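The structure appears right after this line, and notes come after that.
In the numbering used here, the protein residues as written are 109 to 173.
Rendered as structure tokens:
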């Protein structure tokens with residue numbers, strides 16, 4: 109597998125000309141609304157996946173060390 113593996117698919121529909129396809133997922137800090145607490149997310153297509161929601165649901169893991 110390479111980072112440009114065309115068999116990779118996202119659960120979100122992403123336009124073919126998007127800057128943020130499954131192969132390029134930038135992380136960043138965002139605010140869902142003015143004055144809201146800053147959160148960490150990842151851009152997928154035109155959407156942002158709010159990682160705090162996954163963390164609160166205990167769907168993220170630090171992994172085995």
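Where is the CB? At the ideal position from N, CA and C, for every residue including glycine.
Computed from a predicted structure; not experimentally measured.
Contact between residue 155 and residue 120 holds: CB atoms are separated by about 6 Å, below the 8 Å threshold. Separation of the CB atoms of residue 133 and residue 151 is rounded to 7 Å, and the pair is thereby assigned contact status at 8 Å. Taking C-beta separations shorter than 8 Å and ignoring five residues to either side along the sequence, the partners of residue 153 in its chain run 118, 120, 121, 122, 123, 126, 128, 129, following chain order. Residue environment for residue 149: buried (at least 16 other C-beta atoms within 10 angstroms of its C-beta).
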